[in-house]
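Trainee: Going line by line, the protein sequences match chains E and P. 1 is the number that the working numbering gives to position 1 of the first sequence; each next residue is one higher, with no gaps. 315 is the number that the working numbering gives to position 315 of the second sequence; each next residue is one higher, with no gaps. Quick one: this structure, given as structure tokens, is what I'll be asking you about.
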Amino acid sequence: MKDALGSPQSVLVLGGGSDIALATVRLFAARRTRTVVLAARDPGSLDTAATGIRAAGATTVEAVKFDATAFATHDRFVDDVWDRFGDFDLVLIAFGVLGDQTRCETDSAAAIEVIQTNFTGAASVAIPVAHRMLAQGHGTVVALSSIAAERARRSNFVYGSSKAGMDQFFQGLGDMLHGRGVHVMVVRPGFVRTKMTAGMQAAPFSTTPEAVADAIARGLERGKEKIWVPEPVRFIATVMHHIPRPLYRKLPL
Amino acid sequence: MVEVRRSISLFDVHDETLCGWGRTAPTRASVWEPRTLDGVSERLSRTSARGVIARGLGRSYGDAAQNAGGLVARMTRLDGIAALDEEAGLVTCEAGVSLDSLIRALVPMGWFPTVVPGTAYVTVGGAIASDVHGKYRHGSFCDAVTRMRVWTPARGIVTCSAEEDPDVFWATAGGMGLTGVVVDATLRLHRVQSALMRVDTERTSNLDGCMERMLGTDDRYRYSVAWIDCLASGKHLGRSVLTRGDHATLDDLAPHVRSRALTLPDGLRLSSPQWAPSGLLNPVTVRAFNEVWYRKAPRDERDRLQPLTGFFHPLDGVGGWNRIYGSRGFLQYQYLVPYGAENVVRTTLERLSAARCASFLAVLKRFEHANAGHLSFPAPGWTLALDIPVGRSGLGDLLDGIDRLVVDAGGRIYLTKDARTSPDLISEMYPRLDAWRAVRNALDPAAVLHSDLDRRLHLADTRLERTPR
Numbered sequence: 001m002k003d004a005l006g007s008p009q010s011v012l013v014l015g016g017g018s019d020i021a022l023a024t025v026r027l028f029a030a031r032r033t034r035t036v037v038l039a040a041r042d043p044g045s046l047d048t049a050a051t052g053i054r055a056a057g058a059t060t061v062e063a064v065k066f067d068a069t070a071f072a073t074h075d076r077f078v079d080d081v082w083d084r085f086g087d088f089d090l091v092l093i094a095f096g097v098l099g100d101q102t103r104c105e106t107d108s109a110a111a112i113e114v115i116q117t118n119f120t121g122a123a124s125v126a127i128p129v130a131h132r133m134l135a136q137g138h139g140t141v142v143a144l145s146s147i148a149a150e151r152a153r154r155s156n157f158v159y160g161s162s163k164a165g166m167d168q169f170f171q172g173l174g175d176m177l178h179g180r181g182v183h184v185m186v187v188r189p190g191f192v193r194t195k196m197t198a199g200m201q202a203a204p205f206s207t208t209p210e211a212v213a214d215a216i217a218r219g220l221e222r223g224k225e226k227i228w229v230p231e232p233v234r235f236i237a238t239v240m241h242h243i244p245r246p247l248y249r250k251l252p253l
Numbered sequence: 001m002v003e004v005r006r007s008i009s010l011f012d013v014h015d016e017t018l019c020g021w022g023r024t025a026p027t028r029a030s031v032w033e034p035r036t037l038d039g040v041s042e043r044l045s046r047t048s049a050r051g052v053i054a055r056g057l058g059r060s061y062g063d064a065a066q067n068a069g070g071l072v073a074r075m076t077r078l079d080g081i082a083a084l085d086e087e088a089g090l091v092t093c094e095a096g097v098s099l100d101s102l103i104r105a106l107v108p109m110g111w112f113p114t115v116v117p118g119t120a121y122v123t124v125g126g127a128i129a130s131d132v133h134g135k136y137r138h139g140s141f142c143d144a145v146t147r148m149r150v151w152t153p154a155r156g157i158v159t160c161s162a163e164e165d166p167d168v169f170w171a172t173a174g175g176m177g178l179t180g181v182v183v184d185a186t187l188r189l190h191r192v193q194s195a196l197m198r199v200d201t202e203r204t205s206n207l208d209g210c211m212e213r214m215l216g217t218d219d220r221y222r223y224s225v226a227w228i229d230c231l232a233s234g235k236h237l238g239r240s241v242l243t244r245g246d247h248a249t250l251d252d253l254a255p256h257v258r259s260r261a262l263t264l265p266d267g268l269r270l271s272s273p274q275w276a277p278s279g280l281l282n283p284v285t286v287r288a289f290n291e292v293w294y295r296k297a298p299r300d301e302r303d304r305l306q307p308l309t310g311f312f313h314p315l316d317g318v319g320g321w322n323r324i325y326g327s328r329g330f331l332q333y334q335y336l337v338p339y340g341a342e343n344v345v346r347t348t349l350e351r352l353s354a355a356r357c358a359s360f361l362a363v364l365k366r367f368e369h370a371n372a373g374h375l376s377f378p379a380p381g382w383t384l385a386l387d388i389p390v391g392r393s394g395l396g397d398l399l400d401g402i403d404r405l406v407v408d409a410g411g412r413i414y415l416t417k418d419a420r421t422s423p424d425l426i427s428e429m430y431p432r433l434d435a436w437r438a439v440r441n442a443l444d445p446a447a448v449l450h451s452d453l454d455r456r457l458h459l460a461d462t463r464l465e466r467t468p469r
């Protein structure tokens, strides 16, 4: 059961390899979280991550198999984890792929993979999760979106549009669940230095997984529905939103 | 996929999102409101796997009267006052009757409940389940309960008292509703001659002065309480307004009002706005309020006559005052430390003051008595209660740190107020937890009684894994 300060006791991470997700559950484990289930395509790769979460204070840490694009398995997957571990106070939707924009522009299979993982996969698993939470009468869904969801950019519009869809989906889901004991928070980080962005040039206001984790905990404490990390990227997003198209498409973003 | 509609879809229940008085962590449950005692046993024995908890007027600050995804039995329609035994000074009433109704019925006849908490808007059942206390130092609510009937999953309706089935009685006293649903009770009353209090008020310039005055002269009064300015620091740390009093006797009243001595005034009822911004109560506004409140209190005033309600339940005059904390809600943080651990109170005030943590209502009281309730809060010592708005960063760590001091000093957190303490500390705070669990397991072997508080603190769970510190 979560407490008055938004600290969960049990957490399911979808995308258990995500640096941001792991930093977040380590922070939670140092507080009240005792049960963490990491779901990933390759659960065998999560041993080190699990050790870190245990060291932070969790008592039950398990890795389970989850494939974001195997949509037909999602209902069963959600039933299984709930049956095995009981209520989840918080589900962190953290899986996603960046994709290779250049390849996506010519190879539709590559574009479809990005969109199916980031958008369709997230929506597909979120529906049974939402219904489990309605049935248990409480819960929090944290969806890792991106500043890229604000407005698709020429340089990575496939990723951007997939995140935009996902971002909007979770906002709508939050409205659907509002007042029914289930809370949805959409997180829009700016550039985060993680293995997903390794080798890329850091954008202004770049941040770390630990800073995102901290912002998530603070957002939950305050019952936020949408947060930007770091806070100032919210204003960058507003500016981006209002730049005229002819100029926007030429910007080196 | 899970069927969202509850298995209990009878016409007598409806879904509702419930929270405690602090308005944090709301959850959804099916709510059932029994209208007669007849159906209670039968209805409660067929609940879903997520169980049932009783709820009264929702004055627990945290999640004690919530049951996410399960059934909540709101008892407030069972509000009959059955009989007053004038000879013995006993009243028997149903669990859903509020102390406000009781006081309004009893005072004109010259009786008052032995123990009343800081609000009259609690039910008798809730007062028993929390074993509430107030400005009276010599006992808590259940000390004045001579008998009660409790519905329990294993034994149906059980009649118990300190003599008859004492284990059931004392596990239910302060048992947070997790041993059963109280259906009615008999309470021992206190004789009063008037509806007024004779009150002495004084200011003390710091915490030591306040504690010294309370220890030295509390025995002159039946009731005592200190309001503390917790933003004051340095040599004014813990400056306070001490209010103590007794029921006024006929001799205390002017001759021409004696004939109306037992008339309760109709409470002037103000209401809080429906909405307030979350940051309204911040260090600046609270500091200003505290300054005025402290300065406005008389330095030393004796024998002022004050209506009962103003003395016992000052905030009851403002409907929905919990809304002024805004949508984020607030915590009530209340602990007890034994005599000798005064330093914990001082350190708490130092840390709050240093963190500029604005507590609007900080109240210090004393107890001189503990009863046999396994999870009952009161014990000889000091109890500090603080209202703290949610939202400032670092609040969780600040309170976790104070929890540790409290536990190390042999103290405890008040479960009825709690919304955030760690389950790892409960067995240290309540050393008789295992004995309580044994009684509970006998009364509810299939774990039908469930609340969000229990889910969070694992009170009923004996398999809780302990984490090394």
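The beta carbon of each residue, even a glycine, is placed where N, CA and C say it ideally should be.
#1: Evaluate the contact criterion for the region 147-164 of chain P versus the region 204-222 of chain P: three or more CB pairs, one atom per stretch, below 8 Å.
#2: Is the beta carbon of residue 71 of chain P closer than 8 Å to that of residue 151 of chain P?
#3: Per the DSSP calculation, residue 123 of chain P is bridged to which residue(s)?
#4: With a threshold of 8 Å between beta-carbons, can residue 27 of chain P be considered close to chain E, or not?
#5: CB-CB under 6 Å to residue 122 of chain E, same chain, minus the five flanking residues each way: which ones, in chain order?
#6: Among E:117, E:36, E:244, E:124, which residue has its Cα nearest to the Cα of residue 86 of chain E?
#7: For residue 216 of chain E, which residues of its own chain have a beta-carbon under 7 Å away from its beta-carbon, when the five flanking residues on both sides are left out?
#8: Could you tell me if residue 138 of chain P is buried or exposed, where buried requires 16 or more neighbouring beta carbons within 10 angstroms of its beta carbon?
#9: State yes or no: is the beta carbon of residue 221 of chain E nearer than 8 Å to at least one beta carbon in chain P?
#10: Residue 367 of chain P lies in the beta strand (DSSP E); which residues open and close that run?
#11: Per the contact definition of three or more C-beta pairs closer than 8 Å, is the region 409-422 of chain P in contact with the region 27-35 of chain P?
#12: Mapping DSSP to helix, strand and coil, what is residue 251 of chain P?
#13: Just list the residues that DSSP pairs residue 166 of chain E with in beta bridges.
#14: Where do the ends of the alpha helix (DSSP H) carrying residue 24 of chain E lie?
#15: When you compare each of P:309, P:69, P:400, P:377 to residue 180 of chain E by their alpha carbons, which one comes out closest?
#16: Might you give, ordered along the chain, the residues of its own chain that have their beta carbon closer than 8 Å to the beta carbon of residue 218 of chain P, omitting 5 neighbours on each side?
#17: Based on Cα-Cα distance, which residue from P:127, P:344, P:87 lies nearest to residue 94 of chain P?
#18: State the Cα-Cα distance for the pair residue 35 of chain P and residue 309 of chain P, rounded to the nearest angstrom.
#19: Verify whether the separation of the beta carbon atoms of residue 313 of chain P and residue 112 of chain P is less than 8 Å.
#20: Would you say residue 175 of chain E reaches chain P, if we count a Cβ-Cβ gap shorter than 8 Å as a contact?
#21: From this set, P:306, P:363, P:120, which residue's C-alpha is nearest residue 262 of chain P's C-alpha?
#22: On the DSSP bridge assignment, give the partners of residue 310 of chain P in chain order.
#23: Does DSSP put residue 3 of chain P in a helix, a strand or coil?
#24: Counting only C-beta atoms, is residue 31 of chain E closer than 8 Å to chain P at any point?
#25: Note down, one range per segment and in chain order, each alpha helix (DSSP H) of at least 4 residues found wholly within the region 164-252 of chain P.
#26: Could you compute how far the alpha carbon of residue 249 of chain E sits from the alpha carbon of residue 197 of chain E?
#27: Looking only at its own chain, which residues have a Cβ that is under 8 Å from the Cβ of residue 45 of chain E, when we skip the five neighbours before and after it?
#28: For residue 15 of chain P, which residues in the same chain have their Cβ closer than 8 Å to its Cβ, ignoring the five residues on either side in sequence?
#29: If residue 396 of chain P and residue 222 of chain E are in contact, beta carbons under 8 Å, what's the gap, nearest whole angstrom?
#30: Going by the beta-carbon positions, is the gap between residue 108 of chain P and residue 134 of chain P smaller than 8 Å?
#31: Nearest chain E C-beta to residue 24 of chain P closer than 8 Å, yes or no?
#32: Can you give me the start and stop residues for the beta strand (DSSP E) that residue 45 of chain P sits inside?
#33: Does the region 432-451 of chain P touch the region 78-92 of chain P, meaning 3 or more C-beta pairs lie closer than 8 Å?
#34: Quick one: list the residues of chain E neighbouring residue 331 of chain P, beta-carbon separation under 7 Å, in chain order.
#35: Which residues does DSSP list as the beta-bridge partners of residue 345 of chain P?
#36: Can you find a CB in chain E that lies within less than 8 Å of the CB of residue 17 of chain P?
Mentor: Working from what's here:
#1: Contact between the region 147-164 of chain P and the region 204-222 of chain P is not established, with fewer than three Cβ pairs separated by less than 8 Å.
#2: Sequence index remark: in the second sequence, residue 151 of chain P carries index 151 (1-based). Sequence index remark: in the second sequence, residue 71 of chain P carries index 71 (1-based). No. Outside cutoff.
#3: In the second sequence, counting from the first residue as 1, residue 123 of chain P sits at position 123. According to DSSP, which records beta bridges pairwise, residue 123 of chain P is partnered with P:98.
#4: Position 27 of the second sequence holds residue 27 of chain P. Among the CB atoms of chain E, one or more fall inside 8 Å of the CB of residue 27 of chain P.
#5: Position 122 of the first sequence, counted from the start, is the residue given in the question as residue 122 of chain E. Short of 6 Å from the beta carbon of residue 122 of chain E, and not among the five residues preceding or following it, lie these beta carbons of its own chain, in chain order: 93, 166.
#6: Taking the first residue of the first sequence as 1, we reach residue 86 of chain E at position 86. Nearest C-alpha to residue 86 of chain E: E:36.
#7: To locate residue 216 of chain E, count along the first sequence from 1; it is residue 216. Only 24, 142, 187 meet the Cβ criterion.
#8: As a working mapping, residue 138 of chain P is identified with position 138 in the second sequence. By the neighbour-count rule (16 or more Cβ atoms within 10 Å), residue 138 of chain P is not buried but exposed.
#9: Walking along the first sequence from the start, residue 221 of chain E turns up at place 221. Yes, because at least one Cβ of chain P sits closer than 8 Å to the Cβ of residue 221 of chain E.
#10: The residue you call residue 367 of chain P lines up with position 367 of the second sequence. Counting along the chain, residue 367 of chain P sits inside the beta strand (DSSP E) bounded by residues 362-367.
#11: The way I'd put it, the region 27-35 of chain P doesn't touch the region 409-422 of chain P; fewer than three beta-carbon pairs between them come closer than 8 Å.
#12: Reading the second sequence from its first residue, position 251 is the one you call residue 251 of chain P. When secondary structure is reduced to three states using DSSP, residue 251 of chain P falls in the helix class.
#13: By one-based count along the first sequence, residue 166 of chain E stands at place 166. Per DSSP, none; premise fails for residue 166 of chain E.
#14: Here residue 24 of chain E is taken as the residue at index 24 of the first sequence, counted from 1. Element bounds for residue 24 of chain E: 19-30.
#15: Locating residue 180 of chain E in the first sequence gives position 180, where the first residue counts as 1. Cα-wise, what sits closest to residue 180 of chain E is P:69.
#16: Working through the second sequence from its first residue, we reach residue 218 of chain P at position 218. These residues qualify, in order along the chain: 137, 224, 244, 366.
#17: Position 94 of the second sequence, counted from the first residue, corresponds to residue 94 of chain P. When each option's Cα is compared against that of residue 94 of chain P, the closest is P:127.
#18: Taking the first residue of the second sequence as position 1, residue 35 of chain P is located at position 35. Taking the first residue of the second sequence as position 1, residue 309 of chain P is located at position 309. Those two C-alpha atoms are separated by around 29 Å.
#19: The sequence position of residue 313 of chain P within the second sequence is 313, counting from 1. The sequence position of residue 112 of chain P within the second sequence is 112, counting from 1. 8 Å or more divides the Cβ of residue 313 of chain P from the Cβ of residue 112 of chain P.
#20: Residue 175 of chain E sits at position 175 when you count from the first residue of the first sequence. Answer no: the Cβ-Cβ gap between residue 175 of chain E and chain P never drops below 8 Å.
#21: For the purposes of this step, residue 262 of chain P is taken as the residue at position 262 of the second sequence. For the residues P:306, P:363, P:120, the minimum Cα distance to residue 262 of chain P belongs to P:306.
#22: For this step, residue 310 of chain P is matched to residue 310 along the second sequence. Residue pairing of residue 310 of chain P in beta bridges, as defined by DSSP: absent, with no partner found.
#23: Stepping through the second sequence from its first residue, residue 3 of chain P is reached at position 3. Confidence in residue 3 of chain P is poor, its pLDDT being 44 and thus under 50, which makes the residue's placement unreliable; the coordinate value appears in the next sentence. In the three-state DSSP reduction, residue 3 of chain P falls in the coil class, being neither helix nor strand.
#24: As a first step, residue 31 of chain E must be located in the first sequence, where it is residue number 31. True, the Cβ-Cβ gap to chain P drops below 8 Å.
#25: You should have 166-172, 207-217.
#26: Here residue 249 of chain E refers to the residue found at position 249 of the first sequence. Here residue 197 of chain E refers to the residue found at position 197 of the first sequence. The alpha-carbon separation between residue 249 of chain E and residue 197 of chain E amounts to approximately 22 Å.
#27: The residue given as residue 45 of chain E occupies position 45 in the first sequence. Within the same chain, and ignoring the five residues on either side of residue 45 of chain E in sequence, the residues whose Cβ sits closer than 8 Å to its Cβ are 17.
#28: Locating residue 15 of chain P in the second sequence gives position 15, where the first residue counts as 1. Close CB contacts of residue 15 of chain P within its chain, under the 8 Å cut and outside five residues either way in sequence, are with 6, 28, 29, 30, 31 (chain order).
#29: Locating residue 396 of chain P in the second sequence gives position 396, where the first residue counts as 1. Locating residue 222 of chain E in the first sequence gives position 222, where the first residue counts as 1. At roughly 12 Å, the Cβ-Cβ gap does not stay under 8 Å, so residue 396 of chain P and residue 222 of chain E are not in contact.
#30: Within the second sequence, the letter at position 108 stands for residue 108 of chain P. Within the second sequence, the letter at position 134 stands for residue 134 of chain P. No, they are not a contact pair.
#31: Translated into the one-based positions of the second sequence, residue 24 of chain P becomes position 24. The beta carbon of residue 24 of chain P sits closer than 8 Å to some beta carbon of chain E.
#32: The residue labelled residue 45 of chain P in the question sits at position 45 within the second sequence. Boundaries for residue 45 of chain P: no beta strand (DSSP E) harbours it, and the DSSP string shows neither H nor E there.
#33: The answer is no - the region 432-451 of chain P does not touch the region 78-92 of chain P, with fewer than three Cβ pairs under 8 Å.
#34: Working through the second sequence from its first residue, we reach residue 331 of chain P at position 331. Within 7 Å of the CB of residue 331 of chain P, the CB atoms of chain E belong to 4, in sequence order along the chain.
#35: On the second sequence, residue 345 of chain P is found 345 positions in, with the first residue counted as 1. Residue 345 of chain P is bridged by DSSP to nothing; it lacks a bridge partner.
#36: On the second sequence, residue 17 of chain P is found 17 positions in, with the first residue counted as 1. At a cut-off of 8 Å between beta carbons, residue 17 of chain P contacts chain E.
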